[in-house]
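Have a look at the structure below before the remarks.
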Amino acid sequence: MGRKLYICGMAQKVWYQCPGCGYKCEAYEGKGFFGQRISQVVCMDCRTVQNLTVGGVIADVVPSFQTEYGRLCPQCMSQDLRLWDGHTCPKCSGNMVKNDDYHEFWT
Ligand SMILES: [Zn+2]
Ligand SMILES: [Zn+2]
389 MGRKLYICGM AQKVWYQCPG CGYKCEAYEG KGFFGQRISQ VVCMDCRTVQ
439 NLTVGGVIAD VVPSFQTEYG RLCPQCMSQD LRLWDGHTCP KCSGNMVKND
489 DYHEFWT
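Residue numbers are given in my numbering: position 12 of the sequence shown equals residue 400, and the series is strictly consecutive.
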């Protein structure tokens, strides 16, 4: 029972929250409007989960967008990024919980 609404070809935003320390991050599921996808990475310097846009038409213009490799943390410009495993809290290593009751569409 929910207000869930799926629109084909769009990504949806979901929230993850850590019950241990309260850290919250957003993630995107599905493909973007221009064929890009969003990868979640953990920055080892500022210990946050960051969303990186990978692929799609942007990658045709900016080749570095084709991969997660060599990208910078959007927050602190660190290069020390790891792919996020989808559940480990970067602050306290707790298990983050997905909150998918909240959907917001983006294009
Ligand atoms: Zn935590
Ligand atoms: Zn960072």
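Yeah, the Cβ is synthetic: ideal placement off N, Cα and C, and Gly gets one too.
At what residues does the alpha helix (DSSP H) containing residue i begin and finish?
i: valine 449; result: 445 to 449
Tell me which residues share the same chain as residue i and place their Cβ nearer than 7 Å to its Cβ, disregarding the 5 neighbours each side in the sequence.
i: threonine 441; result: Gln424, Ile426, Phe453
i: lysine 486; result: Val402, Tyr404
i: arginine 470; result: Val429, Val430, Met432
In the DSSP assignment, find the beta strand (DSSP E) that holds residue i and state where it starts and stops.
i: serine 452; result: Serine 452 -> no beta strand (DSSP E), and no H or E assigned at all.
i: glutamine 405; result: 400 to 405
i: arginine 425; result: 425 to 431
i: asparagine 439; result: 436 to 442
For residue i, collect the residues of the same chain with a Cβ closer than 8 Å to its Cβ; drop the 5 residues on either side in sequence, then sort them by chain order.
i: serine 466; result: Cys431, Met432, Asp433, Cys434, Leu460
Using a Cβ-Cβ cut-off of 6 Å (strictly less than) and excluding sequence neighbours within five positions of residue i, which residues of its own chain qualify?
i: proline 462; result: Gln438
Just to check my reading of the structure: residue i and residue j have Cβ atoms closer than 8 Å, yes? What is that Cβ distance to the nearest angstrom?
i: valine 445; j: phenylalanine 422; result: 5 Å
- Message: Is it the case that the region 469 to 489 contacts the region 406 to 420, given that we only count it when at least three CB pairs across the two stretches are under 8 Å?
- Response: Yes, the region 406 to 420 touches the region 469 to 489.
- Go through the residues and name those whose CB comes closer than 7 Å to any heavy atom of ligand 2, in chain order. A residue is listed when its beta-carbon falls short of 7 Å from at least one non-hydrogen atom of ligand 2; in chain order these are Cys431, Asp433, Cys434, Thr436, Gln438, Cys461, Gln463, Cys464, Ser466.
- Residues near ligand 1, criterion Cβ-heavy atom distance below 5 Å: Every residue passing the under-5 Å Cβ criterion appears here: Cys406, Gly408, Cys409, Tyr411, Cys477, Lys479, Cys480, Gly482.
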